[in-house]
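Taking it in order: structure first as structure tokens, then the write-up.
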Amino acid sequence: MAATRTGKLYRLIVARFRSMGNRGFNNASLEADFIRSYQSYGVRFLFILCLVGALCFSAFWLAELTASGMIFNERQNLRLALIGSLLAFARLTQRHQRFLTTHYSFACSVMVVFTAITTGYLAHLTPPSSPTLVAYWAITTSMVLITLMTYGFARLRAGATLLLGSMVALTAVWFAAKVPHFEATSFHRMLIHLGAANALGYMLYRFAMLRERKLFLQSKRKNHIAELRRMKEQAEAANRAKTAFLANMSHEIRTPMNGVIGALGMLNDQQLSERDRLFVKSARDSARNLLQVLNEILDFAKIDAQKIRLNPQPFDPRHTLSSAAQAFQATAEQKGIRIRHDLTQLPVEVRWLVGDAGKLRQVLLNLVSNAVKFTQQGEVLISARATQPNPHEARLVIDVSDTGVGIPPDGLERLFQPFYQVESGTNRSYGGTGLGLAICKQIIEEMGGQIGVRSVMGVGTTFEIALDLPCSLHPPGNHQAADDTSDFVDSLPAPSSDVRLEGDVLLVEDNEVNAFIASMTLESLGVRCQQARNGEVAVEMFKEQAFDLILMDCEMPVMDGYEAVRIIRGLEADDTARPRTPIIALTAHALTGDREHCLEGGMDDYLTKPFDREALALALGRWLPAATPTGLSAASDA
Ligand code: ATP
Ligand code: MG
Numbered sequence: 006m007a008a009t010r011t012g013k014l015y016r017l018i019v020a021r022f023r024s025m026g027n028r029g030f031n032n033a034s035l036e037a038d039f040i041r042s043y044q045s046y047g048v049r050f051l052f053i054l055c056l057v058g059a060l061c062f063s064a065f066w067l068a069e070l071t072a073s074g075m076i077f078n079e080r081q082n083l084r085l086a087l088i089g090s091l092l093a094f095a096r097l098t099q100r101h102q103r104f105l106t107t108h109y110s111f112a113c114s115v116m117v118v119f120t121a122i123t124t125g126y127l128a129h130l131t132p133p134s135s136p137t138l139v140a141y142w143a144i145t146t147s148m149v150l151i152t153l154m155t156y157g158f159a160r161l162r163a164g165a166t167l168l169l170g171s172m173v174a175l176t177a178v179w180f181a182a183k184v185p186h187f188e189a190t191s192f193h194r195m196l197i198h199l200g201a202a203n204a205l206g207y208m209l210y211r212f213a214m215l216r217e218r219k220l221f222l223q224s225k226r227k228n229h230i231a232e233l234r235r236m237k238e239q240a241e242a243a244n245r246a247k248t249a250f251l252a253n254m255s256h257e258i259r260t261p262m263n264g265v266i267g268a269l270g271m272l273n274d275q276q277l278s279e280r281d282r283l284f285v286k287s288a289r290d291s292a293r294n295l296l297q298v299l300n301e302i303l304d305f306a307k308i309d310a311q312k313i314r315l316n317p318q319p320f321d322p323r324h325t326l327s328s329a330a331q332a333f334q335a336t337a338e339q340k341g342i343r344i345r346h347d348l349t350q351l352p353v354e355v356r357w358l359v360g361d362a363g364k365l366r367q368v369l370l371n372l373v374s375n376a377v378k379f380t381q382q383g384e385v386l387i388s389a390r391a392t393q394p395n396p397h398e399a400r401l402v403i404d405v406s407d408t409g410v411g412i413p414p415d416g417l418e419r420l421f422q423p424f425y426q427v428e429s430g431t432n433r434s435y436g437g438t439g440l441g442l443a444i445c446k447q448i449i450e451e452m453g454g455q456i457g458v459r460s461v462m463g464v465g466t467t468f469e470i471a472l473d474l475p476c477s478l479h480p481p482g483n484h485q486a487a488d489d490t491s492d493f494v495d496s497l498p499a500p501s502s503d504v505r506l507e508g509d510v511l512l513v514e515d516n517e518v519n520a521f522i523a524s525m526t527l528e529s530l531g532v533r534c535q536q537a538r539n540g541e542v543a544v545e546m547f548k549e550q551a552f553d554l555i556l557m558d559c560e561m562p563v564m565d566g567y568e569a570v571r572i573i574r575g576l577e578a579d580d581t582a583r584p585r586t587p588i589i590a591l592t593a594h595a596l597t598g599d600r601e602h603c604l605e606g607g608m609d610d611y612l613t614k615p616f617d618r619e620a621l622a623l624a625l626g627r628w629l630p631a632a633t634p635t636g637l638s639a640a641s642d643a
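Quick note: to get our numbering, add 5 to the position in the sequence shown (first position is 1).
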């Protein structure tokens, strides 16, 4: 208790001492910084002071010893003790720098008291001495020390410095005048003391000012950097939250959308009246549009979260370009414009390239969809040319030009920013999210290429993509067709084919509506379907019976899809007689990375919800044999 009170008192005195005539900081962290780094200089200064003191006393000691004919007297012994203690203190400042830094004022006070006592005693030993002379030397010498320390470390204002200096000098002179038998040599010595102390103190003061300025700037910069870092972290956290929100929402929306699209897909148009057919068509179109918006937002979320992963494979650029042109043929025809593709400038040597054809197609689809959207008459031209700087690499340049409304010059600069649309506000007539081009830019840059735009208002716009891609000696495998469509599989108009498959399928799905739709779709594809409501039931059923294929939802109560697959793969490993059952994951999580997660978990394929009949047929077709033609397949309208 008493200790804390003393501590408090000590701190109060220190604070008062420090704030006397000095320029306080109005910033606590700066003050702390100052004390820390500044007073460590103070401690170093004490060290130097002790050494200089010890050196001076050694000189006096030697001089007096030779003068007195090498006879030791009490005065010289005391000097010797003094030299010893100064050296000891110098050593202390080295070893306990930390302690002295935090207790700087304390250390200074000890030094001052020590100097006062020893100098007083020395003066007392000097004949002829009187109490006044003793007091005189004690006071002037310790004052010299006080001056030095205060100048150096109390951050005095210039006025206060001047005042203190003159006060010390005046006191000394006043004492000197009072002292009887005062010798001229003593007076000189005193003047030298004071002069040197003031000059040295002032130098320290200047040094301190400079140091302080540097410190202030440093600390300002430090605060600035800390502030920036905090802001950056906040922004990143907000961004992560946004991406997570988008991913969750997409999951939440995709699950019911699966029901809507599936149910609409199952409606048999033939049995509907003309009026109802129109209603169903509107509902289907709207669902597809909604899905497209959802896909775009998701794509952006993926890219924003740096989750975009390229999957480079050999591909045929001609195929990718012409299929992108074809995708919007119907829409263009309805608007009365033409879509052409010109591949004549693609040299024959550039046959196959290695790259992510699916992503490239996604970029092209967005550019072509923009071109068609913003063109009222004329045509959209997709042209490609390639140069081969060496036999292993080709530079592919693709232009998508239109004869549409054009983009104003100030719009060109901001075109690739997310959510930017030239026509914004309430009079928008084109719709869309404004994310398309931002996604394109991200994808192309990820591929190491460039995307640019030129436009003349009222004449037309040209987007240009340039990519450096390795050449492939081998033709693409079967996957190109699948990869090309994977990103847009559920947003493209469904081709009306009638696939018939064969096999026993186990459908594991907890959502009642989705399970109903999926089972109806499966039946319409000709496969026999059994249902399980969660992973546990599925595992039990799997033990009882063999299936040709399992469709496994990933998120389910009781036991999720990943766990169920793990157990099923374990059972298969134990029973070598049993063939491996293909498992297709069904998930509403459409972010890239989920696919890898499913495949790593032992599944063979992946289908994002909502899927329509065609997507399901495509996925099943990879694993199940086609039904042997019967009378039914004659219903095919191809
Ligand atoms: P989304 O693609 O997300 O459905 P969007 O087409 O509006 O919406 P972007 O593809 O990013 O978004 O295009 C951004 C804007 O750039 C468009 O809104 C349009 O103003 C302008 N723009 C893009 N392509 C063209 C073009 N070919 N002609 C004229 N303006 C264009
Ligand atoms: Mg667009």
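Every residue, glycine too, gets a C-beta built ideally from N, C-alpha and C.
Item to check | Selection from G125, L358, E418 that minimises the alpha carbon distance to A391 | outcome: Answer by Cα proximity: L358.
Checklist entry - For A404, which beta-bridge partners are listed by DSSP? => result Checking the sequence, you will find Asp at residue 404 rather than Ala. Residue pairing for D404: DSSP places it in a beta bridge opposite S388, E469.
Checklist entry - In the structure shown, what three-state DSSP assignment does N78 receive? => result DSSP places N78 in the coil class of the three-state scheme, outside both helix and strand.
Next on the checklist: I'd like to confirm something about N371: is its beta-carbon nearer than 7 Å to some heavy atom of ligand 2, or not?
Outcome noted: Ligand 2 has a heavy atom closer than 7 Å to the beta-carbon of N371.
Item to check | Backbone secondary structure at G267 - three-state DSSP | outcome: The answer is helix: DSSP assigns G267 an H, G or I state.
Next on the checklist: Short of 6 Å in beta carbon distance, which residues of its chain neighbour A376, apart from the five on each side in sequence? Order them along the chain.
Outcome noted: The residues are V385, V405, D407.
Item to check | H346 burial status per 10 Å Cβ neighbour count (16 or more: buried) | outcome: Within 10 angstroms of the beta-carbon of H346 lie 16 or more other beta-carbons, which makes it buried.
Item to check | Assigned exposure category for L591 - 16 Cβ within 10 Å defines buried | outcome: That one is buried.
Item to check | DSSP bridge partner residues for M557 (one or two, in chain order) | outcome: For M557, DSSP records a beta bridge to V513, A590.
Next on the checklist: According to DSSP, L612 sits in a beta bridge with which residue or residues?
Outcome noted: L612 pairs with L591.
Checklist entry - I448 and K364: beta carbons closer than 8 Å? => result Remark: C-beta atoms of I448 and K364 approach each other more closely than 8 Å.
Next on the checklist: For a quick check, are the C-beta atoms of L70 and V149 less than 8 Å apart?
Outcome noted: Cβ distance not < 8 Å, so L70 and V149 don't count as in contact.
Item to check | Beta-bridge pairing of F320 - partner residues as DSSP gives them | outcome: Answer is L358.
Checklist entry - For V402, which option in T467, I522, S224, A181 has the closest C-alpha, if you only look at C-alpha atoms? => result Ranking T467, I522, S224, A181 by CA distance to the CA of V402 puts T467 first.
Checklist entry - In three-state DSSP terms, what is N412? => result Rather than Asn, the amino acid found at residue 412 in this sequence is Ile. In the structure shown, I412 sits in coil (DSSP, three-state: anything other than H, G, I, E or B).
Checklist entry - Expressed to the nearest angstrom, what Euclidean distance is found between the alpha-carbon atoms of F50 and T145? => result Looking at the backbone, the Cα of F50 and that of T145 are separated by about 20 Å.
Item to check | Status (buried if at least 16 other CB within 10 Å, exposed otherwise) for K446 | outcome: Result: buried.
Checklist entry - For the putative contact between L83 and Y141, defined by C-beta atoms under 8 Å, what is the C-beta separation to the nearest angstrom? => result Not a contact, Cβ separation roughly 18 Å.
Checklist entry - Any chance the CB of N375 is under 7 Å from a heavy atom of ligand 2? => result Because some heavy atom of ligand 2 lies under 7 Å away, the Cβ of N375 counts as near it: yes.
Checklist entry - In chain order, what residues of the same chain lie with their CB nearer than 6 Å to the CB of L14, ignoring the 5 residues before and after it? => result Annotation for L14: no residue places its beta carbon closer than 6 Å to its own, counting only its chain and skipping 5 residues before and after.
Checklist entry - Where does the unbroken alpha helix (DSSP H) through L348 begin, and where does it stop? => result Boundaries around L348 are those of the beta strand (DSSP E), 343-350, since no alpha helix (DSSP H) includes it.
Checklist entry - Can you tell me whether DSSP reads E428 as helix, strand or coil? => result Coil.
Checklist entry - What are the residues that DSSP puts in a beta bridge with C534? => result DSSP, once it has assigned bridges, lists V510 as partnering C534.
Checklist entry - With contact counted as at least three CB pairs below 8 Å, one residue from each stretch, are the segment 458-465 and the segment 327-339 in contact? => result Contact between the segment 458-465 and the segment 327-339 is absent: fewer than 3 CB-CB pairs across the two stretches fall below 8 Å.
Checklist entry - So what's Q550 in DSSP terms, helix, strand or just coil? => result Reduced to three states, the DSSP call for Q550 is coil.
Checklist entry - How many angstroms separate the CA atom of L17 from the CA atom of G89? => result For L17 and G89, the distance between alpha carbons rounds to 34 Å.
Item to check | R571, enclosing alpha helix (DSSP H) - first and last residue | outcome: R571 -> alpha helix (DSSP H) spans 566-579.
Next on the checklist: Beta-carbon within less than 6 Å of P630's beta-carbon, same chain only, minus the 5 sequence neighbours each way: which residues are those?
Outcome noted: These residues qualify, in order along the chain: E507.
Item to check | Among S529, G606, N371, V532, nearest to M557 - alpha-carbon criterion | outcome: Checked all of S529, G606, N371, V532; the closest Cα to M557 is G606.
Item to check | Closer than 7 Å: G441 CB and nearest ligand 2 heavy atom | outcome: Yes, ligand 2 has a heavy atom inside 7 Å of this Cβ.
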